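Input: a single structure, listed below in structure tokens.
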Ligand SMILES: NC(=O)c1ccc[n+]([C@@H]2O[C@H](COP(=O)([O-])OP(=O)(O)OC[C@H]3O[C@@H](n4cnc5c(N)ncnc54)[C@H](OP(=O)(O)O)[C@@H]3O)[C@@H](O)[C@H]2O)c1
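Residue numbers (our numbering): 3 to 366.
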């Protein structure tokens, strides 16, 4: 394992290609912007903007947002941050997890007329004339995927969108969507903590030439070692709620034991636990581009350091042997909650067949 510092000049930040049929070159590490506006405590807009600016300075130019983050305020924040720097950015946003301006959840919407409306609204909020990568945030089981992707493909023809993506989609949905228009990337949770994607999804993506964008590559923060109790989280942090069982009670205790193992391996290599976790995701293939989220410049800089961590085959084997954090608890292990949530999603018709883990927050 070798490391470097966090002063990677933008020009030397490695890049990776997502997708082959419709290829999009991005920085090997992206920046998740969600937590700047919602879910993970209260952030100041100025800090979010400073973090985005520092990311661009460091060459971390693949920015991830969604219309439902805030709702809407995160796209506006990103739009303000990239004003005047649009050419430096590969901009990804999402639609389909419909919310009202006051935050009320309206359900999953993949109807073609809504796709068109949502894209125009995102373009306006972001202050741009095109979106580089436009994802369907959640699959709408009431609308054939062919119709949703057909409408997304029209956005490409109209020049409003350059590449298409899906999030949390099943193998069957991915295949059907890709047959309508090349899908460039699938965004789904993937980390040392959550590895269900390895079973069927990743092989399918590789067969079809679709890139993987792992969200929550730090396990929603737990893999950094910075969270040891719900008390470490702001009062309004959604990770304190039952939506995130990995941060609750016995599941949290078990997960912290796994994080301790990550910390041990990281310390032996003079990197932080978060850097080890990100380096592990980066080592899973050149078609994998994680988007760790932060609202803080110092965390961003630390995370960029993961690009200089080269895990050897021996390192990867040691991590695997230690099962550093394979399948953290509070995911599939909390069956009653999983069942309850899946039942709720299915009754709303918004759970895709690929959703096999309880902790993939269907709300963000
Ligand atoms: N497609 C989907 O359904 C979906 C779902 C969830 C997320 N996402 C996207 O994926 C992005 C990343 O996922 P995520 O934000 O959920 O989880 P994550 O990247 O695994 O973790 C984010 C959390 O880790 C903390 N953190 C980041 N770097 C750190 C460091 N070096 N040291 C200590 N703590 C650190 C952040 O703290 P601070 O907030 O204090 O900076 C934040 O609380 C999101 O921003 C969003 O764009 C997509």
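Built from N, CA and C at the ideal position, the CB exists for glycine as well. A quick note: this is a predicted structure, and the numbers were derived from the prediction, not measured.
- Taking a C-beta distance under 7 Å as the contact criterion, residue 198 and residue 162 do not qualify as a contact pair.
- In the DSSP assignment, residue 94 forms a beta bridge with 66 and 135.
- Considering only 143, 129 and 153, the residue with the shortest C-alpha distance to residue 116 is 153.
- In the three-state DSSP reduction, residue 168 falls in the strand class (E or B).
- By the Cβ-count criterion, residue 300 is exposed, with fewer than 16 other Cβ atoms from all chains shown falling within 10 Å of its own Cβ.
- For the pair residue 176 and residue 146, the Cα-to-Cα distance works out to about 12 Å.
- Taking 4 residues as the shortest admissible run, the segment 164-240 contains the following complete alpha helix (DSSP H) segments, listed from N- to C-terminal end: 173-182 and 203-210.
- Sorting 107, 266 and 148 by C-alpha distance to the C-alpha of residue 138 places 148 at the top.
- Between the segment 9-24 and the segment 288-305, the count of Cβ pairs shorter than 8 Å is three or higher; the stretches touch.
- Counted as a single uninterrupted DSSP element, the alpha helix (DSSP H) harbouring residue 77 occupies residues 75-84.
- Counting along the chain, residue 29 sits inside the beta strand (DSSP E) bounded by residues 26-29.
- Taking the Cα of residue 320 as reference, the smallest distance to any Cα among 33, 266 and 304 is reached at 266.
- A residue is called buried once 16 or more other Cβ atoms fall within 10 Å of its Cβ, and residue 144, having fewer, is exposed.
- For residue 99, the uninterrupted beta strand (DSSP E) segment begins and ends at 99-101.
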